[in-house]
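Numbering (our numbering), first residue to last: 1 to 254.
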């Protein structure tokens, strides 16, 4: 009624692209489409203890004026979509990453350069012994990144740490545990296949220790007119975080 098919197509493309650029979970964890947008449960993927886990929804509404909605160009629509999608990506990360930390085996690490190196190598050994020998992914909070990037003789130790830990993918997340903390927290994600940085959407989910079962891909819905006379739209996603093999994960803390 308010938007042309062309403008809606551009908006949905912006949702997909922005979400893929902004979400750590989307970049670091393979996903698969369940094929049913209304699905409420998915199998947990654990052969030894099969069960069902619920699909959760995340959404971010935003509003446009009628003048913005019927404008000949989609500039206002795309601006609203991109802003809301950035927030949606943050919501998903704040749900998924703490879930990984909570479900992973814990390992204590020191925060000095030498002990930090030892801890990361031990985490590497844990996931490699579990069969995940491809380069791993490391997700940390700001405090963890500061420790990983500390200087030794005027040079950052980060490249040497990542090489020794066999990590090719490093992400800084706003929240690694829930509620968030200002203490170093890291999640070490082992991998069976070599996945370049940010390329998890192209990877096969069945071989990795964690995946996202997505029943509704990131997309836009037009809700309608509000009591204030504006048009409400919502960007949304429905998914379940599946830890199919916890031995492929390590949660690191001091």
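Backbone N, C-alpha and C define an ideal beta-carbon position, used for all residues, glycine too.
Classified as buried, residue 85 has 16 or more neighbouring CB atoms from the shown chains inside 10 Å of its CB. Comparing alpha carbon positions, the residue from 76, 135, 42 and 67 closest to residue 191 is 135.
Between the region 92-104 and the region 237-254, the count of C-beta pairs closer than 8 Å reaches three or more; the two stretches touch.
Counting C-beta pairs with one atom in each stretch, the region 121-130 and the region 71-86 have fewer than three that are closer than 8 Å, which means they do not touch.
Judged by beta-carbon spacing, residue 232 lies within the 7 Å limit of residue 63, meaning their Cβ atoms are closer than that value. Taking the CA atoms as reference points, residue 7 sits about 10 Å from residue 69. Under DSSP, residue 238 forms a beta bridge with 57 and 216. Taking all protein chains shown into account, residue 240 has 16 or more neighbouring C-beta atoms within 10 Å of its C-beta and is therefore buried. Comparing C-alpha distances from residue 228 to each of 151, 188 and 65 shows the shortest one belongs to 65. For residue 41, there is no enclosing alpha helix (DSSP H); the enclosing beta strand (DSSP E) has its first and last residue at 41-43.
Residue 120 is positioned such that its CB atom lies closer than 7 Å to that of residue 165. For the region 70-113, the full-length beta strand (DSSP E) segments reaching 3 residues or more read 106-108 along the chain. Cα atoms of residue 29 and residue 225: separation of roughly 37 Å, rounded to the nearest angstrom.
Contact between the region 169-189 and the region 10-17 is absent: fewer than three C-beta pairs spanning the two stretches fall below 8 Å. DSSP lists 152 as the beta-bridge partner residues of residue 155. Here residue 21 carries a helix assignment [DSSP, helix/strand/coil].
The region 137-212 is shown to contain whole beta strand (DSSP E) runs of 3 or more residues at 167-172 and 186-191, in chain order.
Residue 134 carries a strand assignment under DSSP once its states are collapsed to helix, strand and coil. Separation of residue 112 and residue 202 (C-alpha to C-alpha, rounded to the nearest whole angstrom) is 36 Å. Within a 10 Å sphere around the beta-carbon of residue 218 sit 16 or more other beta-carbons, which makes this residue buried. Distance check between residue 145 and each of 73, 169 and 94 places 169 closest, using alpha-carbon atoms only.
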